[in-house]
Amino acid sequence: MSVIAPKFKLSEFIKSLLDNVFWIILILVLIGLPAIFMILFVIELPVINGELLTPFLALSWLVNPTRTLPIVHAFMETDIFRVIAFPGFGFAALLAAGTIFVERKMLAKLQLRVGPFYCGKFEGILQLMGDGLKLISKEIIIPAKADKPIFWAAPVLFVAAAAAFVAFIPVAPGWVVADVEMGLLGVFAVIGFFPIITILSAWSANSKFPFIGGIRALFQMVSFEIPLILSLLGVVMLTGSLNLSEIAASQSSFPWIVFLPVGAIVFFITMLAELERIPFDLPEAESEIVAGWLTELSGMMYGLVQLGTYLKLYAFAGLFVVIFLGGWNGPMVVPPFPAEILENGIEMGPVTAKFVGLPLFTQEMLNGTLWFVLKTAGVIFFILLPRGVFPRIRVDMLLNLGWTKLIGLAFVNIFIALGLLYAGVLGPGGLQ
Amino acid sequence: MTFTLPPGLALQKVDERIMTLNVGPQHPGSGHMRIIVQIDGDYIVACDPDPGYVHRGEEKMAEYRNYITNIPHLERPVIHDSCNVLYPYVLGAEEILGIEVPERAKYVRVIASELNRCIYIMYWLAIYGIFLGHSTMFMWPAGDRELLIDLMEKMTGARVTHAHFVPGGVRNDLPPNFEDVCLRQVNYFEKRIKEYAAVFYDNPILISRTRDTGVLSRQDAIKYGTTGSVLRASGVDYDLRVKEPYDVYDELDVHTNVMKEGDSYARSRIPWLDMMESCNIIRQALQKMPKSGSVRTKLKPNPKGKGLNSVYKRVESGRGSLGCYIVSDGKTEPYRVKLSVPSFRNLIALPNLLRGEKLGNMPSVYWSLNYWPVEADR
Numbered sequence: 001m002s003v004i005a006p007k008f009k010l011s012e013f014i015k016s017l018l019d020n021v022f023w024i025i026l027i028l029v030l031i032g033l034p035a036i037f038m039i040l041f042v043i044e045l046p047v048i049n050g051e052l053l054t055p056f057l058a059l060s061w062l063v064n065p066t067r068t069l070p071i072v073h074a075f076m077e078t079d080i081f082r083v084i085a086f087p088g089f090g091f092a093a094l095l096a097a098g099t100i101f102v103e104r105k106m107l108a109k110l111q112l113r114v115g116p117f118y119c120g121k122f123e124g125i126l127q128l129m130g131d132g133l134k135l136i137s138k139e140i141i142i143p144a145k146a147d148k149p150i151f152w153a154a155p156v157l158f159v160a161a162a163a164a165f166v167a168f169i170p171v172a173p174g175w176v177v178a179d180v181e182m183g184l185l186g187v188f189a190v191i192g193f194f195p196i197i198t199i200l201s202a203w204s205a206n207s208k209f210p211f212i213g214g215i216r217a218l219f220q221m222v223s224f225e226i227p228l229i230l231s232l233l234g235v236v237m238l239t240g241s242l243n244l245s246e247i248a249a250s251q252s253s254f255p256w257i258v259f260l261p262v263g264a265i266v267f268f269i270t271m272l273a274e275l276e277r278i279p280f281d282l283p284e285a286e287s288e289i290v291a292g293w294l295t296e297l298s299g300m301m302y303g304l305v306q307l308g309t310y311l312k313l314y315a316f317a318g319l320f321v322v323i324f325l326g327g328w329n330g331p332m333v334v335p336p337f338p339a340e341i342l343e344n345g346i347e348m349g350p351v352t353a354k355f356v357g358l359p360l361f362t363q364e365m366l367n368g369t370l371w372f373v374l375k376t377a378g379v380i381f382f383i384l385l386p387r388g389v390f391p392r393i394r395v396d397m398l399l400n401l402g403w404t405k406l407i408g409l410a411f412v413n414i415f416i417a418l419g420l421l422y423a424g425v426l427g428p429g430g431l432q
Numbered sequence: 001m002t003f004t005l006p007p008g009l010a011l012q013k014v015d016e017r018i019m020t021l022n023v024g025p026q027h028p029g030s031g032h033m034r035i036i037v038q039i040d041g042d043y044i045v046a047c048d049p050d051p052g053y054v055h056r057g058e059e060k061m062a063e064y065r066n067y068i069t070n071i072p073h074l075e076r077p078v079i080h081d082s083c084n085v086l087y088p089y090v091l092g093a094e095e096i097l098g099i100e101v102p103e104r105a106k107y108v109r110v111i112a113s114e115l116n117r118c119i120y121i122m123y124w125l126a127i128y129g130i131f132l133g134h135s136t137m138f139m140w141p142a143g144d145r146e147l148l149i150d151l152m153e154k155m156t157g158a159r160v161t162h163a164h165f166v167p168g169g170v171r172n173d174l175p176p177n178f179e180d181v182c183l184r185q186v187n188y189f190e191k192r193i194k195e196y197a198a199v200f201y202d203n204p205i206l207i208s209r210t211r212d213t214g215v216l217s218r219q220d221a222i223k224y225g226t227t228g229s230v231l232r233a234s235g236v237d238y239d240l241r242v243k244e245p246y247d248v249y250d251e252l253d254v255h256t257n258v259m260k261e262g263d264s265y266a267r268s269r270i271p272w273l274d275m276m277e278s279c280n281i282i283r284q285a286l287q288k289m290p291k292s293g294s295v296r297t298k299l300k301p302n303p304k305g306k307g308l309n310s311v312y313k314r315v316e317s318g319r320g321s322l323g324c325y326i327v328s329d330g331k332t333e334p335y336r337v338k339l340s341v342p343s344f345r346n347l348i349a350l351p352n353l354l355r356g357e358k359l360g361n362m363p364s365v366y367w368s369l370n371y372w373p374v375e376a377d378r
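If you're matching them up, the sequences are chains C and S in order. Numbering follows the working numbering, with no gaps: position 252 of the first sequence is 252. Numbering follows the working numbering, with no gaps: position 65 of the second sequence is 65.
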């Protein structure tokens with residue numbers, strides 16, 4: 001018997017639910033529907049694919065669901081769909097959630113344990129949902145002397161910056177939220193926001209451990225941004241473009257990692273440092289400075305920062321795939337949509353269903369997405385792997401690595417690219 | 001009347017550049033203690049360890065219980081090393097009560113204490129791994145420790161707090177077929193800990209992080225009175241199992257591991273080598289042990305100590321030489337029991353080792369001192 005509701009009865013609970021449903025229907029019918037119809041007199045109804053979008057169309061959708069397909073198709077071409085669902089936030093958040101699950105299970109297998117196990121029927125697959133619910137339901141505690149507006153804003157800004165980064169990543173030909181000409185410069189600009197947000201959050205907490213963690217994060221991110229940018233210049237020289245879609249399209253015959261492995265290695269290491277992954281997780285070193293700049297964050301503020309971190313991880317892995325591994329390019333493995341369904345429809349006894357709006361996605365898009373996701377998952381796996389193998393390094397070793405070795409290697413990479421360019425092996429637009 | 005605030009609470013006039021950090025007691029990198037660290041940028045300028053958060057009065061409690069009932073609570077300071085922390089008390093009580101120990105019991109004690117040393121070092125190593133941010137090195141020792149804990153459970157009936165040693169021998173005889181099981185588990189355990197080299201001790205990042213940090217010279221190690229792995233990592237060949245053999249250690253071939261560097265890496269490597277040496281000792285003891293015989297000299301109920309008498313015994317525990325001073329005044333309870341613990345001796349070196357180090361080195365240097373806060377506070 002639960003302590004919270006000692007007199008709990010299922011029948012009464014269901015009765016109360018039905019009560020609520022009754023009142024909702026009643027209010028909707030008596031107030032909601034008349035209000036909607038009154039508004040409909042005033043506004044102009046939209047026309048989608050030559051069909052007037054009236055409320056009465058909902059009745060015909062009930063009879064013939066295939067008539068919704070053109071509407072869905074039209075919705076998928078809007079910017080809202082791209083931002084919310086497919087190449088944007090929803091898709092990235094889904095991959096990020098998968099990343100967290102895979103990370104926990106893979107690390108557990110590496111360390112001879114089972115990892116999340118009980119939540120959800122299969123291998124603790126609902127553990128992430130449980131953790132999220134816990135974080136949402138926890139009280140948010142703010143230090144007494146914190147700078148409250150900035151302290152509140154920092155986690156939100158972190159997620160916003162990570163989502164902005166996601167917007168630049170092209171997933172399939174034509175499927176990108178922001179297809180800007182200077183895409184790579186935009187990525188660098190967004191990456192430049194992260195240290196500022198981190199130090200704002202750390203400083204506004206007015207606490208010692210977050211302050212030290214924030215300073216460490218600042219050192220790390222700022223000093224690793226230089227090799228990060230330099231390591232990508234080789235690819236920019238060879239393609240002659242800063243547009244990420246064009247860079248991905250230029251690798252239709254071979255990925256750039258074949259010619260510029262040094263740049264790929266430098267970019268991978270700097271990526272680990274920018275993401276604060278082990279062995280570069282100094283800003284969150286728990287044995288030295290508790291949780292670094294996350295120490296004073298509680299409840300869903302911490303949850304937001306974690307969400308932003310994993311979105312950033314996906315975005316960096318996607319950037320690596322787009323620039324070095326050929327993006328969406330790959331052999332065509334997705335079968336084409338069956339033509340007879342388009343022409344004849346599906347016969348179900350006496351009725352023949354015709355699908356006007358199909359196929360929703362083109363074959364190229366599905367194939368590109370498949371290859372992009374596979375490659376991104378591979379890169380994410382290699383980002384996760386060092387966590388099981390390496391200890392944390394120290395801040396002086398980190399800066400030494402960033403300022404001497406990685407910048408030197410990045411310049412070597414640039415010279416390799418220049419050599420390939422002047423020797424005539426490669427040129428703008430691919431293999432000549 | 002002058003009233004002095006405890007350290008850390010008093011307002012000190014310091015340079016503006018210097019920040020005082022309270023590492024502990026609520027801190028993932030401190031254990032049950034506080035280290036007051038003053039840092040200038042990333043460098044530690046002063047460090048003041050502040051133990052005493054888990055003082056439980058074990059020594060005073062021992063004055064109100066008789067020689068037998070003292071056993072379960074005196075092992076509480078280091079439950080992971082419970083046989084070794086009881087060992088000097090039991091040796092002293094035997095001398096005060098005037099009991100002889102059967103030969104087989106001595107071998108059983110040696111096996112139990114070596115197994116317990118490995119259990120302790122595995123726990124220590126797990127925490128050393130997580131202090132350096134190496135989560136695999138946290139999970140592996142914590143899991144492999146179970147092998148030996150199972151052995152101890154077979155032997156004593158308890159997983160961690162065994163209360164197995166009593167004046168006059170050990171509480172119970174070994175279970176049937178224990179020798180074979182023990183040999184098999186210990187062989188597997190040794191094979192397993194040798195794999196740690198690949199993932200931890202030969203890891204280039206670990207070596208570059210811990211080499212030449214917190215260097216304790218040979219002279220300083222002797223001067224501060226450090227013991228155990230800290231002393232042996234500084235190049236002093238000192239092991240009580242060899243220098244002052246107790247029970248049957250003089251009949252066994254014990255090799256002492258010594259490293260000359262005296263840095264954090266050497267201090268972390270010595271316990272690992274000690275575990276392999278412990279496996280050797282267990283194999284030897286299993287071979288030489290009498291196959292049958294009594295393991296306990298029976299005492300009469302409530303035994304009394306011999307007159308006004310005092311005795312000091314010490315053994316080599318997982319952390320270093322652990323001494324126990326017992327004073328008897330002829331009653332059923334000891335007049336005074338004093339534990340001289342290695343953790344506290346090793347802690348004395350901490351302020352000198354941390355001065356001038358970087359903040360990132362603090363956890364590795366602190367934990368490499370083989371310091372167990374609960375034992376130091378007793």
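We put the CB at the ideal spot given by N, CA and C, even for glycine.
Return the residue from the list 137/S, 290/S, 282/S, 233/S that minimises the CA-CA distance to residue 268/S.
As a position in the second sequence, residue 268/S is number 268, starting the count at 1. Answer by Cα proximity: 233/S.
Can you tell me whether residue 19/S is helix, strand or coil according to DSSP?
As a working mapping, residue 19/S is identified with position 19 in the second sequence. Strand.
Along chain C, in chain order, which residues have C-beta atoms closer than 8 Å to that of residue 361/S?
The count along the second sequence starts at 1 and reaches residue 361/S at position 361. Result: 394.
So residue 342/S and residue 320/S are supposed to be a Cβ contact under 8 Å. How far apart are they, rounded?
Here the question's residue 342/S lines up with position 342 in the second sequence. Here the question's residue 320/S lines up with position 320 in the second sequence. Right, the Cβ-Cβ distance comes to about 3 Å (below 8 Å), so this counts as a contact.
How about residue 326/S and residue 93/S: do their beta carbons lie closer than 8 Å?
The residue you call residue 326/S lines up with position 326 of the second sequence. The residue you call residue 93/S lines up with position 93 of the second sequence. Result yes, Cβ atoms of residue 326/S and residue 93/S sit closer than 8 Å.
Evaluate residue 2/C with the Cβ neighbour count: other Cβ atoms within 10 Å of its Cβ, from every protein chain shown; 16 or more gives buried, anything less gives exposed.
Taking the first sequence and counting its residues from 1, one reaches residue 2/C at position 2. Unreliable placement is indicated for residue 2/C, whose pLDDT of 48 sits below 50; no coordinate value is reported for it.
To the nearest angstrom, report how far apart residue 351/S and residue 48/S are at their CA atoms.
The count along the second sequence starts at 1 and reaches residue 351/S at position 351. The count along the second sequence starts at 1 and reaches residue 48/S at position 48. Taking the straight line from one Cα to the other gives about 6 Å.
Could you give the distance in angstroms between the alpha-carbon of residue 191/S and the alpha-carbon of residue 142/C?
Here residue 191/S corresponds to residue number 191 of the second sequence, with the count starting at 1. Here residue 142/C corresponds to residue number 142 of the first sequence, with the count starting at 1. In a straight line, the C-alpha of residue 191/S is about 50 Å away from that of residue 142/C.
Where does residue 46/C land, buried or exposed, given buried means 16+ other C-beta within 10 angstroms?
Start at 1 with the first residue of the first sequence, and residue 46/C comes out as number 46. Under this definition residue 46/C is an exposed residue.
Going by alpha carbons, who is nearest to residue 266/S out of 213/S, 280/S, 283/S?
Reading the second sequence from its first residue, position 266 is the one you call residue 266/S. Answer by Cα proximity: 213/S.
Could you pull out every unbroken alpha helix (DSSP H) segment of at least 4 residues lying fully inside the region 342-366 of chain S, listed in chain order?
You should have 342-347, 350-354.
Considering only their Cβ atoms, is the gap separating residue 109/S from residue 247/S smaller than 8 Å?
Here residue 247/S refers to the residue found at position 247 of the second sequence. Here residue 109/S refers to the residue found at position 109 of the second sequence. For residue 247/S and residue 109/S, yes; Cβs fall inside 8 Å.
How is the alpha helix (DSSP H) around residue 237/C delimited, first residue to last?
On the first sequence, position 237 is the one that residue 237/C refers to. Its alpha helix (DSSP H) spans residues 208-239.
Assign residue 241/C to buried or exposed, taking buried as 16 or more other Cβ atoms, counted over all protein chains shown, within 10 Å of its Cβ.
By 1-based counting over the first sequence, the position of residue 241/C is 241. It counts as buried.
Using C-beta distances below 6 Å, list every residue in its chain close to residue 115/C, excluding the 5 sequence neighbours before and after it, in chain order.
Here residue 115/C refers to the residue found at position 115 when the first sequence is read from its first residue. 104, 105, 108.
Select from 342/C, 376/C, 337/C, 348/C the residue whose C-alpha is nearest the C-alpha of residue 364/C.
Reading the first sequence from its first residue, position 364 is the one you call residue 364/C. Comparing Cα positions, the closest option is 337/C.
I want to see whether chain S comes within less than 8 Å of residue 110/C, judged by CB atoms only; does it?
As a first step, residue 110/C must be located in the first sequence, where it is residue number 110. Closer than 8 Å to some Cβ of chain S, the Cβ of residue 110/C qualifies, so yes.
Touching or not, the region 246-253 of chain C and the region 323-342 of chain C, by the rule of three or more beta carbon pairs under 8 Å?
In short, these stretches touch, since the Cβ pair count reaches three.
Can you list, in chain order, the residues of the region 277-310 of chain C whose Cβ is nearer than 9 Å to any Cβ on chain S?
Taking 9 Å as the Cβ-Cβ cut-off against chain S, the residues of the region 277-310 of chain C that qualify are 278, 279, 281, 282, 285, 286, 287, 288, 289, 290, 291.
In whole angstroms, give me the CA-to-CA distance for residue 338/S and residue 324/S.
Within the second sequence, residue 338/S is the residue found at index 338, counting from 1. Within the second sequence, residue 324/S is the residue found at index 324, counting from 1. Rounded to the nearest angstrom, the two C-alpha atoms are 6 Å apart.
Okay, do the region 215-226 of chain S and the region 156-174 of chain S touch, 3+ Cβ pairs below 8 Å being the bar?
At 8 Å Cβ cutoff, the stretches do not touch.
Under the DSSP definition of a beta bridge, which residues are partnered with residue 323/C?
Counting from one through the first sequence, the residue named residue 323/C turns up at place 323. In DSSP, residue 323/C forms no bridge with anything.
So what's residue 249/S in DSSP terms, helix, strand or just coil?
By one-based count along the second sequence, residue 249/S stands at place 249. Three-state DSSP puts residue 249/S in a helix.
Does any residue of chain C bring its CB to less than 8 Å from the CB of residue 415/S?
This structure cannot speak to residue 415/S, because chain S is shown only from 1 to 378.
With residue 379/S and residue 369/S assumed to form a contact (beta carbons below 8 Å), what rounded beta-carbon distance in angstroms separates them?
What is shown of chain S runs 1 to 378, which leaves residue 379/S out entirely.
At 4 residues or longer, and completely inside the region 165-235 of chain S: list those alpha helix (DSSP H) runs for me, N to C.
Qualifying alpha helix (DSSP H) stretches, in chain order: 178-194, 204-210, 218-224, 228-233.
Of the residues 186/C, 118/C, 314/C, 41/C, which one's Cα is nearest the Cα of residue 382/C?
In the first sequence, the residue the question calls residue 382/C occupies position 382. Of 186/C, 118/C, 314/C, 41/C, the residue nearest in Cα terms is 314/C.
How far does the alpha helix (DSSP H) with residue 288/C in it extend, from its first residue to its last?
Reading the first sequence from its first residue, position 288 is the one you call residue 288/C. 286-289 is the extent of the alpha helix (DSSP H) around residue 288/C.
For residue 61/S, which of 357/S, 336/S, 371/S has the nearest alpha-carbon?
Indexing the second sequence from 1 puts residue 61/S at position 61. When each option's Cα is compared against that of residue 61/S, the closest is 336/S.
Counting only Cβ pairs nearer than 9 Å, list the residues of chain C close to residue 85/S.
As a first step, residue 85/S is located in the second sequence; it is residue number 85 there, counting from the start. Result: empty, since nearest Cβ-Cβ is about 26 Å, beyond 9 Å.
Are residue 205/C and residue 151/C touching if we call contact CB-CB under 8 Å?
Mapped onto the first sequence, residue 205/C falls at position 205. Mapped onto the first sequence, residue 151/C falls at position 151. Yes, Cβ-Cβ distance for residue 205/C and residue 151/C is below 8 Å.
Using a cut-off of 9 Å between C-beta atoms, extract the partners of residue 19/S located in chain C.
What you label residue 19/S is simply residue 19 of the second sequence in a count that begins at 1. Neighbours of residue 19/S on chain C, chain order: 208, 211, 212.
For residue 118/S versus residue 275/S, is the C-beta spacing smaller than 8 Å?
On the second sequence, position 118 is the one that residue 118/S refers to. On the second sequence, position 275 is the one that residue 275/S refers to. Contact: yes.
When you compare the CB of residue 82/C with every CB in chain S, is at least one pair closer than 8 Å?
To locate residue 82/C, count along the first sequence from 1; it is residue 82. Output row for residue 82/C: interface = no.
List the whole-angstrom C-beta distance separating residue 410/C from residue 187/C, where the pair is believed to meet the contact cut-off of C-beta under 8 Å.
As a first step, residue 410/C must be located in the first sequence, where it is residue number 410. As a first step, residue 187/C must be located in the first sequence, where it is residue number 187. The pair is not a contact, with the Cβ atoms about 16 Å apart (cut-off 8 Å).
Quick test of your reading: residue 205/S and residue 155/C, contact by CB under 8 Å. State the CB separation rounded to the nearest angstrom.
Here the question's residue 205/S lines up with position 205 in the second sequence. Here the question's residue 155/C lines up with position 155 in the first sequence. Not a contact, Cβ separation roughly 31 Å.
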